[in-house]
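Residue numbers are given in the numbering used here: position 275 of the sequence shown equals residue 839, and the series is strictly consecutive.
Glycine included, each C-beta is placed from N, C-alpha and C at the ideal position.
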Amino acid sequence: MEKRTVVTLTVTECGEFHNFGEYHEDIAGVEEAIAIFNRIPPERMNAIPSIGINIHTEGTQNYEDTQMDIVSGRVADLEILDYVPDITDNPKAVEVIAELIDKLPDIEVRGSLEKWQAAFLAAEIDQLSYDYDTIQYNHTVEDREAQIANITEDIRNGNTGYLNDFLNALISDSIREGMTDIFGKGTELDDSEGVQTARKAKELLDKLAEYKPLAKIEELEECNYNMIDNVLNNEKPKEEKQTGRISIKEKLAEKKAVVEQRGKEVPEKGTEKKSEREM
């Protein structure tokens with residue numbers, strides 16, 4: 565069983581030497597940390613104030629905490645997070661950093677949280693698929709890590725149509741199950757497994773809608789360079805959505821077949837395109 569972690573924020577008047585000037589720790593919320601940060605008079609020490617993150621693992625000593633400054637002055641350096649897996653492996657920590665960056669729109673941001681956010685979202689979708697039908701999941705998914713990696717890649721590239729289909733179908737099925745629980749079995753709303761599944765699927769659907777993949781943004785920017793009469797002439801036409809219940813596994817297989825077909829139609833010189841995915 566994994567030990568629970570507590571994520572808090574720190575604010576220091578002098579980011580280089582935390583014991584100089586004001587030092588605030590155990591700050592629970594982003595807005596409170598920003599308010600303290602903005603109250604520090606810049607002329608007093610002429611230092612660079614910072615907002616940091618602290619991760620405490622229950623059952624350990626405070627000196628074992630993971631702590632790092634995220635915002636220094638008017639700059640947020642996210643590139644250094646590549647070297648701090650204790651932070652990037654913690655979904656709550658990444659969520660707090662994302663909120664901090666979002667609520668400081670005027671600062672310079674170096675790097676991105678995108679790859680970690682995509683991985684967490686992929687893992688949540690995969691876990692929901694497993695919880696919803698564990699028998700089918702175990703029967704169809706041979707390598708869970710590979711499946712999560714594939715889903716992560718698709719989220720980062722904006723190829724989320726099949727995930728939207730899966731989650732929408734799951735919501736519909738779960739609502740029907742919830743209605744049976746409530747009106748057929750007399751189950752309380754919050755005790756219905758179907759209702760809880762539908763809520764989780766809706767939450768993940770909203771996260772997918774909010775997610776802004778860098779690859780997709782770059783693709784749209786490239787299309788804009790070739791705009792004619794306000795039409796993005798380089799943009800791929802949107803495919804019509806299919807209806808009906810379908811598993812993530814089936815949607816991934818369907819996507820793989822499309823990729824393989826494209827490879828046959830437009831072969832590269834001297835080589836054959838093959839899909840690397842084995843689902």
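Report yes if the C-beta distance between residue i and residue j is below 7 Å; otherwise report no.
i: Leu-727; j: Ala-765; result: no
i: Thr-574; j: Glu-595; result: no
i: Ile-634; j: Ile-615; result: yes
i: Arg-720; j: Ala-682; result: yes
i: Arg-568; j: Glu-628; result: no
i: Ser-636; j: Ile-604; result: no
i: Ile-689; j: Leu-768; result: yes
i: Val-673; j: Ala-710; result: no
i: Leu-642; j: Lys-771; result: no
i: Ala-687; j: Ile-651; result: no
i: Ala-662; j: Leu-677; result: yes
i: Thr-761; j: Ser-738; result: yes
Grouping DSSP H, G and I as helix and E and B as strand, with all else coil, what is residue i?
i: Gln-625; result: coil
i: Leu-573; result: strand
i: Tyr-647; result: helix
i: Tyr-775; result: coil
i: His-588; result: strand
i: Gly-593; result: coil
i: Gly-758; result: helix
i: Asn-610; result: coil
i: Arg-568; result: coil
i: Glu-663; result: helix
i: Glu-580; result: coil
i: Asp-770; result: helix
i: Asn-654; result: coil
i: Leu-677; result: coil
i: Lys-805; result: Since pLDDT at Lys-805 reaches only 45, below the 50 mark, its modelled position is unreliable, and the value read off the structure follows with that caveat. Correct three-state label for Lys-805: coil.
Which one or two residues does DSSP pair with residue i in a beta bridge?
i: Glu-672; result: Val-639
i: Met-632; result: Ile-617
Go ahead and label residue i buried or exposed: buried means 16 or more other beta carbons lie within 10 angstroms of its beta carbon, across all protein chains shown.
i: Ala-773; result: exposed
i: Val-547; result: No answer is possible for residue 547: the residues shown for the chain start at 565 and end at 843.
i: Asp-576; result: The question names Asp, but residue 576 in the sequence shown is Thr. By the neighbour-count rule (16 or more Cβ atoms within 10 Å), Thr-576 is buried.
i: Asn-610; result: exposed
i: Asp-718; result: buried
i: Val-570; result: exposed
List in chain order: all unbroken alpha helix (DSSP H) runs of 4+ residues lying wholly within the region 688-756. Whole alpha helix (DSSP H) segments, 4+ residues: 698-704, 708-721, 725-743.
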